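Please read the structure below before turning to the comments.
Residue numbers (the numbering used here): 44 to 118.
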């Protein structure tokens with residue numbers, strides 16, 4: 044099974060993470076507000092503009108970069 048990091052683990056990233064975890068993969072989710080992550084995804088609290096400050100797993104097979112804005116507007 045693979046070790047997977049999802050950077051920007053929001054709505055879509057969480058669904059991906061749950062699917063991967065359900066299939067036996069180890070999944071970490073990196074985001075600023077980790078309280079919304081389900082138990083199947085291991086939380087990493089970090090601002091993606093400061094990833095070097097994060098305590099990231101050493102051995103990863105896949106990284107998904109799925110960041111999005113905090114909110115949406117016409118601007």
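Heads up, the beta-carbon is just placed ideally off N, CA and C, and yes, glycines get one too. Predicted model, so just to flag it, every value in this text is computed and none were measured.
- Each residue's CA atom was taken as its position, placing residue 58 and residue 49 some 11 Å apart.
- Within the model, the alpha-carbon separation for residue 73 versus residue 115 is close to 21 Å.
- In this structure, 92 is the residue among 103, 92, 107, 105 with its C-alpha nearest to the C-alpha of residue 75.
- For residue 72, the uninterrupted beta strand (DSSP E) segment begins and ends at 69-74.
- Close CB contacts of residue 100 within its chain, under the 7 Å cut and outside five residues either way in sequence, are with 46, 48, 71 (chain order).
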